[in-house]
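Peer 1: Numbering (full-length UniProt numbering), first residue to last: 1 to 392.
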């Protein structure tokens, strides 16, 4: 038995040496072909009463942490992504939860290249860091909120900056991307190049955004990995929150065709998913937070009216419309049709409907919402600033 054990340990040693050689070879290949850099600048996501989510990508496997700093750049606190006693390391994607204490703060992200990550030995290489950012957070307790809503960008990445800069909101506390930022998603690189780089170049490193799933985000081989790169409460695409004395409800309208359509190959069940949301929506509309708010705004990529008569539109209508009607919500803000329009309350719907336009210049739109205890203004504008419709 002792001999067997010695042979076993010897074999383990040989295996360890082989593993170390493999690691060294992999490291040499990695360093030859890529250097450590941030593939995106940090981007802000979900904000609650105490924390905000900040994520970042690196080009090679690394160990990242976030530093909260004062105005002079002096360290206040170091924040790690911690799961089950382990700080996230030897990875290329990091998500930090940072306490904001109801005040904006300055931060930077630091990354150390992982050269070796063996069972009993870890080696680091180059160290890089982002510039220092100061957040512009939408604190849920604040009376007034300024929200910018974009939709149907469809991978025209210049749209983010052009519409953001066109907006005349005196400040932007939150940006909602109301679906179809993509044609479809097939790999992580799609998210990085077609969303995270353009939005961090403009606003997302200081102002949070919510990625609302449109029907095109449900498509492609990477669609089922999509969610982990964002931060949703309860890990659901649909959610609610109070901001600027307004109760916001975000729905996920799903696909626009029948679940049985051949293009889905039997791999979806959006009808059940929308029925699940209907039960949730009933509870939210009857909640204390909703009833104590001054108004309710619902955001859903697919509009219930003034759209097509496809299954997705009709099933969204049958699941959600009567609840909005019963609880007398203020407005539904949608996209999807690529035909912008403002439709005041009428005999079909006792709430106003705003539908954003499509991705082409001259058809692109943005929605500005300013809400407080005293008033709420919702304005739909073309990309040249012309007002299409407004509710005040």
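Just so you know, even glycine gets a beta-carbon here, dropped at the ideal spot from N, CA and C. Please read all numbers here as calculations on a predicted model, not as lab measurements.
Hey, would you say residue 166 sits closer than 8 Å to residue 366, going by beta carbons?
Peer 2: yes
Peer 1: Would you give the residue range spanned by the alpha helix (DSSP H) that residue 137 belongs to?
Peer 2: Unbroken run through residue 137: none, as it is neither H nor E.
Peer 1: Could you tell me the distance, in whole angstroms, from the CA atom of residue 155 to the CA atom of residue 204?
Peer 2: 17 Å
Peer 1: Any chance you could list the alpha helix (DSSP H) runs of at least 4 consecutive residues sitting entirely within the stretch 293-339, in chain order?
Peer 2: 311-316, 322-327
Peer 1: Hey, quick one: how far does the alpha helix (DSSP H) through residue 199 stretch, first residue to last?
Peer 2: 197-202
Peer 1: Would you call residue 189 buried or exposed, if buried means 16 or more other Cβ atoms sit within 10 Å of its Cβ?
Peer 2: exposed
Peer 1: Count the other C-beta atoms from every protein chain shown that fall within 10 angstroms of the C-beta of residue 42, then say buried if there are 16 or more, exposed otherwise.
Peer 2: buried
Peer 1: Please report the Cβ distance between residue 312 and residue 236, rounded to the nearest whole angstrom; I am assuming they are in contact, meaning their Cβ atoms lie under 8 Å.
Peer 2: Rounded, the Cβ-Cβ distance is 19 Å, inconsistent with contact.
Peer 1: Determine whether the beta carbon atoms of residue 45 and residue 34 lie at a separation below 8 Å.
Peer 2: In this structure, residue 34 does not lie closer than 8 Å to residue 45 by Cβ.
Peer 1: With distances taken between CB atoms, is the gap from residue 327 to residue 296 smaller than 8 Å?
Peer 2: yes
Peer 1: Start and end of the alpha helix (DSSP H) containing residue 130?
Peer 2: Here residue 130 belongs to no alpha helix (DSSP H), and DSSP marks it neither H nor E.
Peer 1: Rounding to the nearest angstrom, what Cα-Cα distance links residue 385 and residue 202 in this structure?
Peer 2: 19 Å
Peer 1: Given a cut-off of 8 Å on the beta-carbon distance, is the pair residue 323 and residue 285 in contact?
Peer 2: yes
Peer 1: By a C-beta neighbour count over all protein chains shown, 10 Å radius and 16 as the cutoff for buried, is residue 277 buried or exposed?
Peer 2: buried
Peer 1: From 234, 147, 139, 177, pick the residue whose C-alpha is nearest to that of residue 212; which is it?
Peer 2: 177
Peer 1: Would you tell me roughly how many angstroms separate the C-alpha atoms of residue 370 and residue 340, rounded to the nearest one?
Peer 2: 20 Å
Peer 1: For residue 47, which three-state DSSP category applies?
Peer 2: strand
Peer 1: Would residue 141 be called buried (16 or more neighbouring beta carbons within 10 Å of its own) or exposed?
Peer 2: exposed
Peer 1: Taking only the alpha-carbon atoms, compute the straight-line gap between residue 146 and residue 133 and give it to the nearest angstrom.
Peer 2: 20 Å
Peer 1: Considering only residues of the same chain and omitting the five flanking positions on each side of residue 93, which have a CB-CB separation below 6 Å?
Peer 2: 57
Peer 1: Taking the CB atoms as reference points, tell me whether residue 216 and residue 261 lie closer together than 8 Å.
Peer 2: no
Peer 1: Please report the residue range of the alpha helix (DSSP H) in which residue 118 lies.
Peer 2: First-last for residue 118: 106-118, but that is the beta strand (DSSP E), not the alpha helix (DSSP H).
Peer 1: Between the C-alpha atoms of residue 240 and residue 208, what's the straight-line distance to the nearest angstrom?
Peer 2: Those two C-alpha atoms are separated by around 15 Å.
Peer 1: Quick one: does the C-beta of residue 109 sit closer than 7 Å to a heavy atom of the ligand FMN?
Peer 2: Because no ligand of any kind appears in the structure shown, any question about the ligand FMN cannot be addressed here.
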